[in-house]
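**Q** The following block contains the structure, expressed as structure tokens.
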Amino acid sequence: MGRQIVSDAPAPARGILPPVARTTGFAVWLRRLFWLNLFVEILIVATGGLVRLTASGLGCPDWPQCVPGSITPTRQQEQSWHKYIEFGNRSLTSVVSIVALALLVAVIVDQRKGSGRRGLWPPVVGVLFGIAVQAVVGGISVRTGLNPAIVATHFLTSMVLVAASAWLVWRAREGDGAPKPLVPREVRWLAAVTGVVLVVVLFLGTMVTGSGPHSGDDAENPARLSFDLRTVTWLHADTVMLLTGLVVATLIATLLVARHTRAPRAWALVLGVIVLQGIVGYTQYFLEVPAGLVEIHMILACLLVTATTWAVLSLRERPVTDTAAAQGVDQSSRSGQSDQTGQRRPSVSHR
Ligand code: HEM
């Protein structure tokens, strides 16, 4: 096989992500690894949803073994095909862990090569720590007979992992200079409040699930939260209205004051995913939560967390430093230069 030639030519930035700062070999692999990590983090939420929606949570009644004496499902087990679904989800945990360990090794190598890249450690350590927490919380949820509060904690921890993974994808493309705000402080506060309201929406969503037919319990062992399903659903939906208003406000603010067009594009994406999620949310509510739509609702929640993480990050930029410049950078990613639409905006300083 021939050697792969990696171009030093400026790589055009696509969509809402910042232009690629480094285009040489290892940086390319690092970016691919970060994308893979984000993909597997979302995939495990989807397969976890499949476990819950097919009531396969106790398909492996023991943890960490599937049944006492065997780490894999056995023919003697009575849990029919449920044991394979639960075991498949547990196996994916190994894939997620291997990818996370690869992240750690890759970042160590990157630093040893003297890349001078900063800001990678918090999300990488966050991903590793989060996976360790998930292994424990997953085990507790099995041992407590799928207690809905524990199942909700499991889902919400995954959302933190998805956010950290999305942050890594973004971070891998930027330069290494100190972050510089691209919008005034008031807009950054608006975005922060929007992020907090999204956390409340996610939390209330898990309360709806925990109070309804998909809490993860089985017919013989009902385990539900004691909220009134209708009330908690409307609370969830009303908070979504507030979230939508905040996202529209942030979008308009970025259209008016942001230096790059990336920021309004990122917030427009957030708005698009919310509208889609709202349509799925109301449809599943009125159709009495069919499993297929609930699965889509979960995946869209992951995509919304990803889009919102990127939208918040789009409000600042990290310019390219001299260390990075010596290692093959895309000069167009330097601070204050044009973004991929070719638009130039004057460099204004924001508090
Ligand atoms: C930004 C928009 C929204 C987000 C981010 C969101 C997020 C979530 C999350 C995270 C869950 C829990 C998933 C789980 O624990 O497995 C959930 C459940 C739910 N959501 Fe939403 N949601 C949104 C909009 C809506 C809307 C507008 C409705 C309309 C009523 C709705 C109805 C529901 C229902 C009925 C459930 C329970 C599904 C089940 O039985 O598992 N959602 N949502």
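According to this note's numbering, the sequence shown is numbered sequentially starting from 352. We put the beta carbon where it would ideally sit given N, CA and C, even for glycine.
Under 7 Å Cβ to Cβ from lysine 531, same chain only, skipping five residues before and after it: list those, please.
**A** Correct list, in chain order: Arg667, Glu668, Pro670, Ser686.
**Q** In this structure, what does DSSP give as the bridge partners for glutamate 668?
**A** Glutamate 668 is bridged to Lys531.
**Q** Within its chain, find whatever has a CB closer than 6 Å to the CB of arginine 382; leave out the 5 residues flanking it on each side and keep chain order.
**A** Result list for arginine 382: Ala523, in chain order.
**Q** By Cβ distance below 7 Å, which residues in the same chain neighbour valine 551 in space, the five residues on each side in sequence not counted?
**A** Only Thr590 meet the Cβ criterion.
**Q** Looking at lysine 464 and phenylalanine 377, is the spacing between their C-beta atoms short of 8 Å?
**A** Yes. Within cutoff.
**Q** Measure the alpha-carbon distance for glutamine 311 versus valine 379 and round it to whole angstroms.
**A** This structure cannot settle anything about residue 311, because the visible part of the chain is limited to 352 through 702.
**Q** Taking only the alpha-carbon atoms, compute the straight-line gap between threonine 508 and valine 640 and give it to the nearest angstrom.
**A** When rounded, the distance between both Cα atoms is 23 Å.
**Q** Say whether the stretch 504 to 518 touches the stretch 474 to 485, bearing in mind that this needs 3 or more beta-carbon pairs closer than 8 Å, one atom from each stretch.
**A** Segments in contact, yes.
**Q** Name the residue from Ser577, Thr672, Glu646 whose alpha carbon lies nearest to the alpha carbon of proline 402.
**A** According to the sequence shown, residue 402 is valine rather than proline. Checked all of Ser577, Thr672, Glu646; the closest Cα to valine 402 is Glu646.
**Q** Given that a residue counts as buried once 16 or more other Cβ atoms are within 10 Å of its Cβ, and exposed if not, what is isoleucine 367?
**A** Buried, by the Cβ-count rule.
**Q** Using 7 Å as the cut-off, classify the Cβ of glycine 489 as near or not near the heavy atoms of the ligand HEM, replying yes or no.
**A** No, the Cβ of glycine 489 stays beyond 7 Å of every heavy atom of the ligand HEM.
**Q** Does valine 458 come out as helix, strand or coil in the three-state DSSP assignment?
**A** In this structure, valine 458 counts as helix in the three-state DSSP scheme.
**Q** Going by DSSP, what residue range makes up the alpha helix (DSSP H) through aspartate 589?
**A** First-last of the alpha helix (DSSP H) with aspartate 589: 580 to 608.
**Q** For the structure I just gave you, are there three or more beta carbon pairs, one from the stretch 490 to 501 and one from the stretch 624 to 632, closer than 8 Å?
**A** Segments in contact, no.
**Q** By the DSSP assignment, the alpha helix (DSSP H) with proline 474 in it spans what residues?
**A** 472 to 494 is the extent of the alpha helix (DSSP H) around proline 474.
**Q** What span of residues does the alpha helix (DSSP H) with tryptophan 540 cover, start to end?
**A** Run containing tryptophan 540: 536 to 562, per the alpha helix (DSSP H) assignment.
**Q** Given a threshold of 16 other Cβ atoms within 10 Å of its Cβ, counted over all protein chains shown, does threonine 584 qualify as buried or as exposed?
**A** Its Cβ being crowded by 16 or more others within 10 Å, threonine 584 is buried.
**Q** Only counting the same chain, and skipping five residues up and downstream in sequence, which positions put a Cβ closer than 8 Å to that of glutamate 525?
**A** So the qualifying residues of the chain are Pro369, Ala372, Glu668, Arg669, Ser684.
**Q** Return helix, strand or coil for valine 640, following the three-state DSSP convention.
**A** Coil, per DSSP.
**Q** Just grab the DSSP bridge partners of arginine 522 for me.
**A** According to DSSP, which records beta bridges pairwise, arginine 522 is partnered with nothing at all.
**Q** Measuring straight from C-alpha to C-alpha, what distance separates glycine 420 and arginine 441?
**A** Distance between the alpha carbons of glycine 420 and arginine 441: 16 Å.
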